[in-house]
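Numbering (the numbering used here), first residue to last: 243 to 495.
Where a beta carbon is used, it is the ideal one built from N, C-alpha and C, also for glycine.
Source: prediction; values computed, not measured.
Presented below is the structure to which this report refers.
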Ligand code: SAH
């Protein structure tokens, strides 16, 4: 059995209880060393084999999984954040299907949640934004035309950009081309959310590239954009004293 596990955004104690338990039982751990905190390997038992997939191809990763499977051993494939986002797990699962090898997935705390925590922010503020667009700027990996950043930017909602820190001049241009965000729309760059070296840079859409340059941030960062980083919003209905819902009778003040 192969267990795909979300490692969480960085801090080793942000892996789920289930993920930590499986890490402790694994005979073999293949982890994405470019982004997964090596401190997560402290959960492993003695004698567990460890592979860093940063220098491996998908074929090599699957070959290690298959070899362990044949030997009756349990393998954990440890991916950063939550594996469902930019995790490249589908291609591994399809290969395992061909080989008749079983697998399951344990979710993880994604970096976008880690970034919100670092900002002490709520992405979905009433009257500001009720949607979060998670996307990336097209780079060496293309983005489907219908999801071009300037099109996503036409909604003006909360946006979280993965994998885009090296392309912030284009990001600024594309965000403004959507016609809703302005140069003054609040933005933030969150570097290594939840890691000991976490840094938060609050800026605006018009100063994203400059802020990254000034602070020498080139990777392992998320770009967050939108009015949720500002100071204006409406209170939620849920906790409004006058609002009635299934669990509480509202009272007129
Ligand atoms: N599956 C992961 C994302 C993998 S893509 C998740 O759910 O978080 C890798 C990108 O995620 C990086 O280029 C960076 O943009 C972002 N990232 C990963 N960890 C991060 C962290 N701790 N802080 C900020 N950004 C992070």
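- One Cα belongs to residue 413, the other to residue 391, and the distance between them is close to 8 angstroms.
- When DSSP states are grouped into helix, strand and coil, residue 259 belongs to the helix group.
- Looking at the backbone, the Cα of residue 479 and that of residue 438 are separated by about 36 angstroms.
- Residue side-chain check: residue 363 keeps its Cβ at 7 angstroms or more from all non-hydrogen atoms of the ligand SAH.
- Within the same chain, 482, 483, 484, 485, 486 come within 8 angstroms of residue 492 by CB-CB distance, once the 5 residues on both sides are set aside.
- In summary, residue 476 is exposed, with fewer than 16 beta-carbon neighbours lying within 10 Å of its beta-carbon over all protein chains present.
- Within its own chain, the residues whose Cβ lies closer than 7 angstroms to the Cβ of residue 264, once the five positions on either side in sequence are excluded, are 245, 247, 318, 348, listed in chain order.
- Going by C-alpha positions, residue 435 is about 18 angstroms away from residue 326.
- Taken atom to atom, the span from the alpha-carbon of residue 411 to that of residue 451 is near 6 angstroms.
- Here residue 303 carries a helix assignment [DSSP, helix/strand/coil].
- Two segments are said to touch when three or more pairs of C-beta atoms, one from each, lie closer than 8 angstroms; by this definition the stretch 426-435 touches the stretch 350-365.
- Remark: the shortest separation between the CB of residue 324 and any heavy atom of the ligand SAH falls under 7 angstroms.
- By the neighbour-count criterion, in which a residue is buried when 16 or more other Cβ atoms sit within 10 angstroms of its Cβ, residue 495 is exposed.
- For the stretch 402-478, the full-length alpha helix (DSSP H) segments reaching 4 residues or more read 410-419, 450-456 along the chain.
- By DSSP's assignment, residue 290 forms no beta bridge with any residue.
- A straight line joining the alpha-carbon of residue 405 with that of residue 329 spans about 12 angstroms.
- Its chain contains 446 as the residues whose beta carbon lies nearer than 6 angstroms to that of residue 426, once the 5 sequence neighbours on both sides are disregarded; these appear in chain order.
- Boundaries of the beta strand (DSSP E) harbouring residue 246: 244-248, taken from the DSSP string.
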